[in-house]
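Heads up, the thing below is written out as structure tokens.
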Amino acid sequence: MDYHSPASFAEASALAANATGTTRFLAGGTDVLVQLRSDLVTPDTLIDIKKIEGVSNIEQNADGSWTLGVAVTGAEMSEHTTLGQDWPGVVEAMDLIGSTQVQGRATLTGNLCNGSPAADSVPAMVAAGVTLTVTGPDGARTVAVEDIPTGPGKTSLAKGEVVSAVHIPARGENGGDAYLRFIPRTEMDIAVVGVGVNLRLDGDTITEARVCLGAVAPTVLLVEDCAKAIIGSTLDDTALEALAEAASAACNPIDDKRGTIAFRTEVAGVLAKRAAKIAYARAKGEKA
Amino acid sequence: MALDDRKSGFTFVGTRPDRPDGLDKVTGRAKFGADMSAPGMLHGAILRSPHAHARIVRIDTSKAEAHKYVKAVVTRADFAEVPFKPGLEGEFWNVLENVMAGEKALYDGHAVAAIAATSALAARDAVKLIEVEYEVLPHVTDVDKAMAPDAPVIREGAADYSVPEGVHPNVVRYHESGHGDVEAGFAEADLVIEDSFVTEATHQGYIEPHACLGQLGADGKGELWCTTQGHWIAQKTCAALLGIETSQLRVTASEIGGGFGGKTTVFIEPVALALSRKANRPVKIVMSRSEVFRATGPTASASMDVKIGMKKDGTITAAEGIFRLQGGAFPGAPGDMTAMCAFAPYNLTNVRQVGYDVMANRPKQAAYRAPGAPMGAFAVESVIDELCKKLDLDPIDVRLKNAAHEGTKASYGPTYEQIGLVESLEAAKAHQHYSAPLKPGQGRGISCGFWFNHGGETSVSLALSEDGSAQVMVGTPDIGGSRASMALMAAEVLGIPYENIRVTIADTATLGYNDVSHGSRVTYASGLATIKAAKHAVEKLCERAAAKWGIPVDAVKWENGCAVPSGPNAGDFDPLPLAEITANMGSTGGPISGHFEATPEGAGVSFGIHIVDAEVDPETGKTSVSRYTVIQDAGKAIHPAYVEGQYQGGAAQGIGWALNEEYIYGDDGRLQNSIFLDYRIPVASDLPMIDTVIVEVPNPGHPYGVRGVGETGIVPPLAAIANAVSHAAGVRMRQLPMSPPRILAALKQDG
Numbered sequence: 000m001d002y003h004s005p006a007s008f009a010e011a012s013a014l015a016a017n018a019t020g021t022t023r024f025l026a027g028g029t030d031v032l033v034q035l036r037s038d039l040v041t042p043d044t045l046i047d048i049k050k051i052e053g054v055s056n057i058e059q060n061a062d063g064s065w066t067l068g069v070a071v072t073g074a075e076m077s078e079h080t081t082l083g084q085d086w087p088g089v090v091e092a093m094d095l096i097g098s099t100q101v102q103g104r105a106t107l108t109g110n111l112c113n114g115s116p117a118a119d120s121v122p123a124m125v126a127a128g129v130t131l132t133v134t135g136p137d138g139a140r141t142v143a144v145e146d147i148p149t150g151p152g153k154t155s156l157a158k159g160e161v162v163s164a165v166h167i168p169a170r171g172e173n174g175g176d177a178y179l180r181f182i183p184r185t186e187m188d189i190a191v192v193g194v195g196v197n198l199r200l201d202g203d204t205i206t207e208a209r210v211c212l213g214a215v216a217p218t219v220l221l222v223e224d225c226a227k228a229i230i231g232s233t234l235d236d237t238a239l240e241a242l243a244e245a246a247s248a249a250c251n252p253i254d255d256k257r258g259t260i261a262f263r264t265e266v267a268g269v270l271a272k273r274a275a276k277i278a279y280a281r282a283k284g285e286k287a
Numbered sequence: 000m001a002l003d004d005r006k007s008g009f010t011f012v013g014t015r016p017d018r019p020d021g022l023d024k025v026t027g028r029a030k031f032g033a034d035m036s037a038p039g040m041l042h043g044a045i046l047r048s049p050h051a052h053a054r055i056v057r058i059d060t061s062k063a064e065a066h067k068y069v070k071a072v073v074t075r076a077d078f079a080e081v082p083f084k085p086g087l088e089g090e091f092w093n094v095l096e097n098v099m100a101g102e103k104a105l106y107d108g109h110a111v112a113a114i115a116a117t118s119a120l121a122a123r124d125a126v127k128l129i130e131v132e133y134e135v136l137p138h139v140t141d142v143d144k145a146m147a148p149d150a151p152v153i154r155e156g157a158a159d160y161s162v163p164e165g166v167h168p169n170v171v172r173y174h175e176s177g178h179g180d181v182e183a184g185f186a187e188a189d190l191v192i193e194d195s196f197v198t199e200a201t202h203q204g205y206i207e208p209h210a211c212l213g214q215l216g217a218d219g220k221g222e223l224w225c226t227t228q229g230h231w232i233a234q235k236t237c238a239a240l241l242g243i244e245t246s247q248l249r250v251t252a253s254e255i256g257g258g259f260g261g262k263t264t265v266f267i268e269p270v271a272l273a274l275s276r277k278a279n280r281p282v283k284i285v286m287s288r289s290e291v292f293r294a295t296g297p298t299a300s301a302s303m304d305v306k307i308g309m310k311k312d313g314t315i316t317a318a319e320g321i322f323r324l325q326g327g328a329f330p331g332a333p334g335d336m337t338a339m340c341a342f343a344p345y346n347l348t349n350v351r352q353v354g355y356d357v358m359a360n361r362p363k364q365a366a367y368r369a370p371g372a373p374m375g376a377f378a379v380e381s382v383i384d385e386l387c388k389k390l391d392l393d394p395i396d397v398r399l400k401n402a403a404h405e406g407t408k409a410s411y412g413p414t415y416e417q418i419g420l421v422e423s424l425e426a427a428k429a430h431q432h433y434s435a436p437l438k439p440g441q442g443r444g445i446s447c448g449f450w451f452n453h454g455g456e457t458s459v460s461l462a463l464s465e466d467g468s469a470q471v472m473v474g475t476p477d478i479g480g481s482r483a484s485m486a487l488m489a490a491e492v493l494g495i496p497y498e499n500i501r502v503t504i505a506d507t508a509t510l511g512y513n514d515v516s517h518g519s520r521v522t523y524a525s526g527l528a529t530i531k532a533a534k535h536a537v538e539k540l541c542e543r544a545a546a547k548w549g550i551p552v553d554a555v556k557w558e559n560g561c562a563v564p565s566g567p568n569a570g571d572f573d574p575l576p577l578a579e580i581t582a583n584m585g586s587t588g589g590p591i592s593g594h595f596e597a598t599p600e601g602a603g604v605s606f607g608i609h610i611v612d613a614e615v616d617p618e619t620g621k622t623s624v625s626r627y628t629v630i631q632d633a634g635k636a637i638h639p640a641y642v643e644g645q646y647q648g649g650a651a652q653g654i655g656w657a658l659n660e661e662y663i664y665g666d667d668g669r670l671q672n673s674i675f676l677d678y679r680i681p682v683a684s685d686l687p688m689i690d691t692v693i694v695e696v697p698n699p700g701h702p703y704g705v706r707g708v709g710e711t712g713i714v715p716p717l718a719a720i721a722n723a724v725s726h727a728a729g730v731r732m733r734q735l736p737m738s739p740p741r742i743l744a745a746l747k748q749d750g
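Sequences listed follow chains A and B, in order. Just so you know, we're using numbering that gives the first Met the number 0 here: the first sequence kicks off at 0 and counts up by one. Just so you know, we're using numbering that gives the first Met the number 0 here: the second sequence kicks off at 0 and counts up by one.
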């Protein structure tokens, strides 16, 4: 196994482009190292991106949007004084992952690029409209989070491509987001269903919405019909029922050790309603 | 010896001093199984079967043997040569078959070969160089399917004499007991309920994986360090499997990071010794969590039918249960224990119970706290709860009406001596939890639980030091605070402070045989032996005082740590403290020590009652346990904080078993969830504060009245939680674990 710690993303990209066999980028390592130790994935090339300048920065831009380095940890996001006020759903989703120890290492980008359909931060990022800078052999491009996962353990990133920055949009007025997951325990578990909701209000009426489901299909799902079900409504019972129905209808889950098809389908609707209520309350400036 | 030493008031017993192992454990100084190293040590790794059932056609170890870091490779052939003890049979043969597969791999994770290499990493890599050719065979992992006529036979001829003719060869033991006429009893009932229940296998879930360091020379002399509940059984078993004399193998028990019954046998220990014998170097083996789940003993899974008849006033007229337990690819599932414990709390005129021990392609089951009893209680106490609900009777009143008491002929045969079930039920009824109002959506459940408790072979030595302190050597690994309890009991007899006594778990070379720390026996049996050993030393102390005073020894008695004249006629002498006698013991007759060994028989059965409040999210099926109270008879609590810890621990493990823990097998017979992420033991935030009530109805078989408390606490939770969940959800739950998908499905089905 070759270990590299490049000083720039261009260098990281070149290393990955020229590597043979299995390549992994190492940020927090909370998936890569676990998979290595349990004999699931033994990389031939390990590229540590933590030594690249700026990867641990959390910056708010002049337009109110945010740029996060790819090695920013869950703990750093939770401890940030204002990020969580803008995007409580994104921060809470990240905070649900693993233990205190894992929070000290784990990153949004790692959670995304691991390719798990059950990754907690991903539905929240998709709902929030998060985009990424991807650096590759031909330079940099911007990609929406929802365009990265292509299946369990798989991403759309080409050989030599590496995520180099995370961009969270400006929160703007009258917006709120939320993420809820279902686990059988109270913590230290993996989502059986996850739902991220992000919406904006004009008065009491929802004018914009993005609803994203996790762990109910081979990839996270940005569900257009869920958004339609609540846009134009005041999140009344009829809208909530329509939202739940749309969420359940979008599910394409599997039966496995963590949950059944029937359970995931049903609970996706339940959580969509609950998450929407929280996001709605947040958009109205209420504490939730 | 009925309560011959029971005092009305104790000085040390019943207090809560600091634990003697506390500082070592919080500072990391304590040495657990994986903490020992030796010069020249090699690291072992085990190759395990990926198949649930397969014939081993060929094992080629040549590539592994050629690896430059590999110093030894062993397969079953290395255990076959047993010149000293040829012809292993019975449980020794089963254990050998389990620690290293013979002709067939019998479950996913079954060991088929092992290597020793110069580093743990090299061992892990090199073990993959062993090539095994398998002929995959049909498999079965479910207990009911394993008994079906078309089930693959795991091993012909494994059944013993007890199994009736015409039963599938996977049924290897059969138990039937009871008394009265159940059919007549059912005819007398106003309501009869018959129902079926299923529980899945659960693992003991000890946080410390199995680990050992073994050294065995060509001269047949060996040393073994391991994490175990019983190092004498490890010594005896390893010696048998390796063909050496028992006494030539010295076994030392490490500190133990949990066992709960699962560390009462051996897995990696004989393998480390066989590798060491071949490599002529010490060999250390440490299991991964996945190996622990795949290849060490979970408890049995169960399928059960229970039928109970009740009169309108709550009198049980008859009870019948059929309990089918699956214990892996070896005999041993405790169907007999399940059957014997199921109705034990009740005074029944008509009762019949049947237990089956069934083999399937799963790891060999191991004991897990009151093995077999929790499943049976789940079925029986659920049916009683349903009867109470249908007849509109109070669940505690009904249990009080039918409760066993002194003189009751137990469902499994014997007549009870003094027992504390009625007192415990009365304490439960009086507890404020039982009368506290429930919030909307909450349900309350209760259950009784029973366990036999055990005595077992026990040997204890106690030696006094010149300065008046004492050392106690016991042979039962401390799995629940026994060093503190032993010190308290020795202090009580000797009359010296708790802090002046150091209790050590002696190795197999320094004390006589001791049974495993199991059966809730340690505080009872080692405690009894400690009291007797201390009294033995006191006799000698009194002799020295008598000699000094020039009076007969029977004119001297022991009081508050001093020899004193037994009465006014014995003479007028000042009390002679222990330390004054020991200060001169070298010149007054030599060292003073005490010893006791026996197989005490009066363990004293134990009963507990749990009260549980639970609420169920009707939209997701998720349960939260909002309040929990354990009421249990301890006979006499030596160190009440440890007793409470045992009660709470049983409840916590029971909550896991009831709600989320389960062995999940795929259609391929492979275990799907061999990590703690997917094998869901409760985390701290899943548990409410578990309240405890210690009832003390003394056990006549112990000098201070002790009853074991380690196991009974896991018997009631499954039923108590199931009853609470069933009331909260409004639908009877008959299958464990009551995971959210199962509860939600039951709610949907109920409409």
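C-beta: ideal position from N, C-alpha, C; glycine also.
Quick one, are the C-beta atoms of residue i and residue j less than 7 angstroms apart?
| i | j | result |
| --- | --- | --- |
| Pro-148/A | Thr-141/A | no |
| Ile-751/B | Ala-426/B | Look at the range of chain B in this structure, 0 to 750, and you will see that residue 751/B is not part of it. |
| Phe-572/B | Phe-449/B | no |
| Ser-289/B | Val-197/B | no |
| Val-350/B | Ala-318/B | yes |
| Asn-513/B | Gly-479/B | no |
| Val-126/B | Leu-274/B | no |
| Tyr-497/B | Leu-510/B | no |
| Ala-208/A | Ile-230/A | yes |
Considering only DSSP beta bridges, list what residue i is partnered with.
| i | result |
| --- | --- |
| Asp-754/B | With chain B covering 0 to 750 only, the question about residue 754/B has no answer from this structure. |
| Gly-138/A | Gly-135/A |
| Thr-503/B | Met-472/B |
| Thr-106/A | Thr-72/A |
Measuring alpha carbon to alpha carbon, tell me which of the options ends up nearest residue i.
| i | options | result |
| --- | --- | --- |
| Thr-415/B | Val-357/B, Asn-346/B and Arg-123/B | A small correction: the amino acid at residue 415/B is Tyr; Thr does not occupy that position in the sequence shown. Among Val-357/B, Asn-346/B and Arg-123/B, the Cα nearest to that of Tyr-415/B is on Asn-346/B. |
| Glu-134/B | Ile-55/B, Pro-617/B, Val-152/B and Thr-337/B | Ile-55/B |
| Leu-461/B | Lys-531/B, Lys-635/B and Tyr-703/B | Lys-531/B |
| Met-737/B | Gly-213/B, Thr-622/B and Pro-715/B | Thr-622/B |
| Lys-635/B | Ala-602/B, Tyr-627/B, Asp-20/B and Ala-158/B | Ala-602/B |
| Gly-327/B | Gly-334/B, Cys-340/B, Ala-299/B and Arg-18/B | Ala-299/B |
| Gly-108/B | Ile-321/B, Tyr-641/B and Val-291/B | Val-291/B |
| Ser-468/B | Ser-684/B, Lys-747/B, Leu-493/B and Arg-482/B | Leu-493/B |
Would you decide whether residue i is buried or exposed? Buried here means 16 or more other CB atoms lie within 10 Å of its CB.
| i | result |
| --- | --- |
| Pro-297/B | buried |
| Pro-599/B | buried |
| Val-753/B | This structure cannot settle anything about residue 753/B, because the visible part of chain B is limited to 0 through 750. |
| Met-0/A | exposed |
| His-517/B | buried |
| Ile-591/B | buried |
| Arg-57/B | exposed |
| Met-0/B | Residue placement at Met-0/B is flagged as unreliable, the pLDDT there being 42, under the threshold of 50; the coordinate-derived value follows with that caveat. It is exposed - the Cβ of Met-0/B has fewer than 16 other Cβ atoms within 10 Å. |
| Ser-232/A | buried |
| Ser-519/B | buried |
Validate contact between the segment 63 to 76 of chain B and the segment 116 to 133 of chain B using beta carbons, cut 8 angstroms, 3 pairs: yes
Validate contact between the segment 680 to 691 of chain B and the segment 238 to 253 of chain B using beta carbons, cut 8 angstroms, 3 pairs: no
Meets three-Cβ-pair contact criterion under 8 angstroms: the segment 7 to 16 of chain A and the segment 126 to 138 of chain A: yes
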